[in-house]
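In my numbering, the protein residues as written are 72 to 235.
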């Protein structure tokens, strides 16, 4: 398929939802980064003198914690179209993977995985076994509102089953 054909076929498909990993999945990284920064600010305003080297190291660790979470979030994106799921990985070197709903019509079950903290914060993983096996699976990992996404995928897969 040429590049022009690929672009025209992707324009025909209607984008229903675009997803990234939830910021809630990186809660620990954000908290650590902000606590370190707040600690430095509090020590500065209290007049407690910290050696510059320690100040730079703690600031660097805080910035790296926050930046690594954001970079990791930007690394993976899921686009749900009316006929397929597109997985886009990468920032500089980008790879695209398309999963059409027709082969998914044979999938017996799609599961939603959530731990207790994930249920409280309303994010989780939608697990889709590929080719009817439970060993090989495709995951929409750490997405916001996974129950809504699960219902949408079930609806689209049922539509693919009926169109056969």
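All residues carry an ideal CB built from backbone N, CA and C; glycine is no exception. If you're wondering where the values come from, they're calculated on a predicted model, not measured in any experiment.
request  = Leaving aside the five residues before and after residue 156 along the sequence, list all residues of the same chain whose C-beta is less than 6 Å from its C-beta, in chain order.
outcome  = Counting from 1 along the chain shown, the entry for residue 156 is found at position 85. So the list reads 170, once near-sequence residues are dropped.
query = Any idea what DSSP makes of residue 95, helix, strand or coil?
reply = Locating residue 95 in the chain shown gives position 24, where the first residue counts as 1. Of the three classes helix, strand and coil, the one that applies to residue 95 here is helix, per DSSP.
ask   = Beta-carbon separation of residue 159 and residue 151 under 8 Å?
value = Here residue 159 is taken as the residue at index 88 of the chain shown, counted from 1. Here residue 151 is taken as the residue at index 80 of the chain shown, counted from 1. Taking 8 Å as the Cβ cut-off, residue 159 and residue 151 do not qualify as a contacting pair.
query = With 16 other CB atoms within 10 Å as the buried threshold, where does residue 120 fall?
reply = On the chain shown, residue 120 is found 49 positions in, with the first residue counted as 1. Exposed, since its Cβ has fewer than 16 Cβ neighbours within 10 Å.
query = Do the CB positions of residue 228 and residue 172 come within less than 8 Å of each other?
reply = As a working note, residue 228 is residue 157 in the chain shown. As a working note, residue 172 is residue 101 in the chain shown. A contact, by the Cβ cut-off of 8 Å.
ask   = To the nearest angstrom, how far is it from the Cα of residue 216 to the Cα of residue 107?
value = In the chain shown, residue 216 corresponds to position 145, counting from 1. In the chain shown, residue 107 corresponds to position 36, counting from 1. Answer to the nearest angstrom: the Cα atoms are 30 Å apart.
task = For the alpha helix (DSSP H) holding residue 190, just list the boundary residues, first then last.
result = By 1-based counting over the chain shown, the position of residue 190 is 119. Element bounds for residue 190: 187 to 192.
message = So, at 6 Å on beta carbons, what are the nonlocal neighbours of residue 57 in its own chain, with the 5 sequence-adjacent residues on each side left out?
response = The first residue shown for the chain is 72 and the last is 235, placing residue 57 beyond what the model contains.
ask   = How is residue 123 classed by DSSP in three states: helix, strand or coil?
value = Residue numbering aside, residue 123 sits at position 52 when the chain shown is read from its first letter. Correct three-state label for residue 123: helix.
inquiry  = Going by C-alpha to C-alpha distance, which of 192, 92 and 199 sits closest to residue 183?
reply    = By 1-based counting over the chain shown, the position of residue 183 is 112. If we check each option's Cα against that of residue 183, 199 comes out closest.
task = Would you decide whether residue 211 is buried or exposed? Buried here means 16 or more other CB atoms lie within 10 Å of its CB.
result = In the chain shown, residue 211 corresponds to position 140, counting from 1. It is buried - the Cβ of residue 211 has at least 16 other Cβ atoms within 10 Å.
ask   = Cα separation between residue 189 and residue 174?
value = If you number the chain shown from 1, residue 189 lands on position 118. If you number the chain shown from 1, residue 174 lands on position 103. Going from the Cα of residue 189 to the Cα of residue 174 covers about 30 Å.
Per-residue DSSP class, three states only, for residue 222 = Working through the chain shown from its first residue, we reach residue 222 at position 151. Residue 222 falls in the helix class under three-state DSSP.
message = Taking only three categories from DSSP, how would you classify residue 180?
response = Counting from 1 along the chain shown, the entry for residue 180 is found at position 109. Of the three classes helix, strand and coil, the one that applies to residue 180 here is coil, per DSSP.
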